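**Student:**
Residue numbers (the working numbering), protein chains in the order written: chain G, 325 to 578; chain P, 393 to 675.
#1: I'd like to know whether the C-beta atoms of residue 533/G and residue 383/G end up nearer to each other than 8 angstroms.
#2: On the three-state DSSP scale, how would you describe residue 489/G?
#3: Can you list, in chain order, the residues of the region 441-463 of chain G whose Cβ is nearer than 9 angstroms to any Cβ on chain P?
#4: For residue 346/G and residue 339/G, what's the separation of their Cα atoms in angstroms?
#5: According to a CB-to-CB cut-off of less than 9 angstroms, which residues of the region 364-383 of chain G neighbour chain P?
#6: Between 614/P, 634/P, 605/P, 633/P, which lies nearest to residue 655/P when the distance is taken from Cα to Cα?
#7: Taking 8 angstroms as the threshold (beta carbon to beta carbon), is residue 611/P in contact with chain G?
#8: Looking at the strands, I want to know which residues DSSP matches up with residue 342/G.
#9: Chain P partners of residue 407/G, CB-CB under 8 angstroms?
#10: Just to check my reading of the structure: residue 399/G and residue 484/G have Cβ atoms closer than 8 angstroms, yes? What is that Cβ distance to the nearest angstrom?
#11: Here's the rule I'm using: 16 or more other beta-carbon atoms within 10 Å means buried, otherwise exposed. How should residue 483/P be labelled?
#12: Return the chain-ordered list of same chain residues with a C-beta closer than 8 angstroms to the C-beta of residue 335/G, the five sequence neighbours on each side being excluded.
#13: In terms of residue numbering, what span does the beta strand (DSSP E) encompassing residue 376/G cover?
#14: What in chain P is Cβ-close to residue 426/G, meaning under 8 angstroms?
#15: Please state the DSSP three-state secondary structure of residue 458/G.
#16: Entirely within the region 435-507 of chain P and at least 4 residues each: give me those alpha helix (DSSP H) ranges in chain order.
#17: Runs of 4 residues minimum, wholly inside the region 506-559 of chain P: which ones carry the alpha helix (DSSP H) assignment?
#18: Which residues share a DSSP beta bridge with residue 386/G?
#19: Do the CB positions of residue 510/P and residue 455/P come within less than 8 angstroms of each other?
#20: Under 8 angstroms: do the region 495-502 of chain P and the region 559-572 of chain P share three or more Cβ pairs, one atom per stretch?
#21: DSSP state of residue 542/G, grouped into three classes?
#22: Using a Cβ cut-off of 9 angstroms, which residues of the region 543-554 of chain P contact any Cβ in chain G, in chain order?
#23: Please report the distance separating the alpha-carbon of residue 577/P from that of residue 424/P.
#24: Are there three or more Cβ pairs, one per stretch, closer than 8 angstroms when the region 481-495 of chain P is compared with the region 628-644 of chain P?
#25: Considering only their Cβ atoms, is the gap separating residue 520/P from residue 388/P smaller than 8 angstroms?
#26: Do residue 353/G and residue 374/G count as a contact pair if the criterion is CB distance below 8 angstroms?
#27: Could you tell me which chain G residues have their CB closer than 7 angstroms to the CB of residue 617/P, listed as they occur along the chain?
#28: Let me know the secondary structure DSSP gives residue 611/P once reduced to three states.
#29: What first and last residue would you give for the alpha helix (DSSP H) that runs through residue 496/G?
#30: Taking only three categories from DSSP, how would you classify residue 636/P?
#31: Excluding the 5 residues flanking residue 555/P on each side, which residues of the same chain have their C-beta closer than 7 angstroms to its C-beta?
#32: Just how far apart, CA to CA, sit residue 607/P and residue 648/P?
#33: Considering only heavy atoms of the ligand SAM, does any lie closer than 7 angstroms to the CB of residue 606/P?
#34: With a threshold of 8 angstroms between beta carbons, is residue 608/P in contact with chain A?
#35: Step through the CB atoms of chain G and report whether any lies within less than 8 angstroms of the CB of residue 614/P.
#36: Using a Cβ-Cβ cut-off of 6 angstroms (strictly less than) and excluding sequence neighbours within five positions of residue 646/P, which residues of its own chain qualify?
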């Protein structure tokens with residue numbers, strides 16, 4: 325069977341300098357794969373190159389055996405929530421409904437089928453009660469759930485999540501974990517970018533460890549057991565734990 | 393009451409050009425107001441500023457070549473928009489600097505050209521507008537631009553909203569983001585050119601930002617923001633026209649002053665976001 329994501333010898337430059345180089349990995353279907361690495365290790369670059377948002381210097385990427393452009397309707401992407409302006413005048417359900425937009429239905433209004441899917445996605449993320457609230461009034465965790473609901477509304481087969489656990493509360497973290505497990509049970513493929521080292525790893529099937537180059541890729545426990553983490557994070561381990569404290573404080577401040 | 397009625401109707405009963413001015417003013421006010429909502433949320437205010445200044449050399453070129461003014465104006469406006477993107481993509485210069493360089497350069501060229509053909513093109517009218525010089529040709533240009541803007545926003549509303557809110561996700565979903573980008577630039581340039589006679593290329597910037605920003609302070613929904621923007625934009629355009637008629641003031645300037653006044657009111661008294669209520673609710 326073909327891989328959900330087949331990456332061969334991928335190099336991506338950023339401002340003339342390689343941000344990631346010679347990455348090769350076959351990420352299988354129906355598994356939860358975490359892409360892990362310290363800050364600046366090229367995780368987001370890797371995802372963006374796969375989604376053809378960044379030009380590739382070298383290498384081939386096949387998504388479900390095909391070039392990404394051919395299968396984009398089967399892919400849902402959840403960017404980091406910091407990438408958009410949440411003061412945009414938009415209601416929660418309107419933001420989620422954007423997930424139904426595809427090249428084929430740009431000119432048409434939402435159908436009743438679309439509306440149903442949007443309502444279902446809102447419900448799954450626990451957003452029904454605040455569906456009519458402006459997105460600017462949400463907490464960090466609720467914003468993340470809006471993005472996840474939007475991805476759910478796409479009814480995709482492959483989900484790419486960029487740092488979904490960043491700046492979210494415990495409730496949201498639990499909802500996200502349930503969300504990932506539910507998708508996995510439905511036979512979906514999930515790829516999560518992550519940079520914090522914490523307990524959530526136990527529920528990832530595979531881990532791809534990245535620090536500009538591929539450090540390790542395999543079953544999560546093996547990757548963690550073999551000291552690769554220390555190699556990837558090196559001196560950053562200490563710095564990282566400090567950051568977690570900082571982030572935790574920020575969550576409280578919301 | 394008959395007194396007020398006379399004040400309101402007099403200009404239009406006696407003067408044909410005032411009728412044309414009023415209708416053109418309303419259309420210009422409307423399309424500027426609609427676009428201003430997207431300029432505000434997309435943070436394109438400076439782009440509007442840049443394109444409007446870049447229109448000036450086009451007006452001068454058209455005059456020198458004996459073409460209708462809007463052909464050259466559209467051309468240099470679009471060319472500058474492309475130049476800004478090109479500089480940004482092909483050098484380390486950031487967007488705001490690229491805009492600053494291109495539009496001041498173009499504006500300087502325009503001023504130099506117009507002063508060289510002194511007396512035959514009124515620089516003052518181009519910069520600040522003179523709605524009383526509106527011709528039926530300008531009126532037609534305004535109507536066509538209005539149809540383009542309204543048609544685009546009607547048919548592509550959901551796509552434009554997605555693209556302006558989250559361009560990356562919109563691109564991943566396969567939306568024609570580059571097409572939308574250039575289409576909006578085209579509409580923006582066309583709107584600026586159509587507003588040239590009415591409010592002028594300096595004052596049009598205010599009409600392309602202020603009504604939308606006022607609406608933004610009063611609601612959290614894009615469609616309501618557009619309606620509010622239309623109301624404020626048109627109120628400014630119409631009252632501006634009356635005041636300039638009766639008190640012999642520059643039309644564009646009066647329109648902008650009124651639009652700014654509405655913004656100030658919203659800034660202070662918006663029930664949800666106004667300075668006045670926000671401070672009180674904190675107590």
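C-beta atoms are modelled at their ideal positions from N, C-alpha and C, and glycine is treated no differently. Just so it is clear, the structure is predicted and the values come from calculations on it, not from any experiment.
**Tutor:** Concretely, from the data shown:
#1: Taking 8 angstroms as the cut-off, the beta carbon of residue 533/G is found no closer than this to the beta carbon of residue 383/G.
#2: Reduced to three states, the DSSP call for residue 489/G is coil.
#3: 457, 458, 459, 460, 461
#4: 17 angstroms
#5: 372, 375, 376, 377
#6: Of the candidates 614/P, 634/P, 605/P, 633/P, the residue whose Cα lies closest to the Cα of residue 655/P is 605/P.
#7: Against chain G, the CB of residue 611/P has a partner CB under 8 angstroms away; the residue lies at that interface.
#8: Note: residue 342/G sits in a beta bridge opposite 337/G.
#9: 558, 560
#10: With a contact defined as Cβ atoms closer than 8 angstroms, residue 399/G and residue 484/G qualify at about 7 angstroms.
#11: exposed
#12: 342, 344, 345, 346, 347, 380, 381, 382, 383
#13: Looking at the DSSP string, residue 376/G is not in any beta strand (DSSP E), and its letter there is neither H nor E.
#14: 565, 566
#15: strand
#16: Counting only runs of 4 or more residues that sit fully inside the region 435-507 of chain P, the alpha helix (DSSP H) segments are 437-457, 461-481, in chain order.
#17: Those alpha helix (DSSP H) runs which fall completely within the region 506-559 of chain P and span 4+ residues are 515-520, 528-547, 549-557.
#18: 330/G
#19: Taking 8 angstroms as the cut-off, the Cβ atoms of residue 510/P and residue 455/P do not count as close.
#20: Taking 8 angstroms as the limit for Cβ pairs, the verdict is that the region 559-572 of chain P does not touch the region 495-502 of chain P.
#21: Of the three classes helix, strand and coil, the one that applies to residue 542/G here is strand, per DSSP.
#22: 547, 548, 550, 551, 553, 554
#23: Rounded to the nearest angstrom, the gap between the Cα atoms of residue 577/P and residue 424/P is 13 angstroms.
#24: no
#25: The requested residue 388/P does not occur in the structure, where chain P is confined to residues 393 to 675.
#26: no
#27: At a C-beta separation below 7 angstroms, residue 617/P has these neighbours in chain G: 413.
#28: coil
#29: 494-509
#30: In the structure shown, residue 636/P sits in a helix (DSSP, three-state: H, G or I).
#31: 562, 567, 569, 572
#32: Counting only the Cα atoms, residue 648/P lies some 15 angstroms from residue 607/P.
#33: Within the structure as shown, the ligand SAM is missing, as the structure has no ligands at all.
#34: Looking for chain A here will not work: the only protein chains present are G and P.
#35: yes
#36: 632, 635, 636
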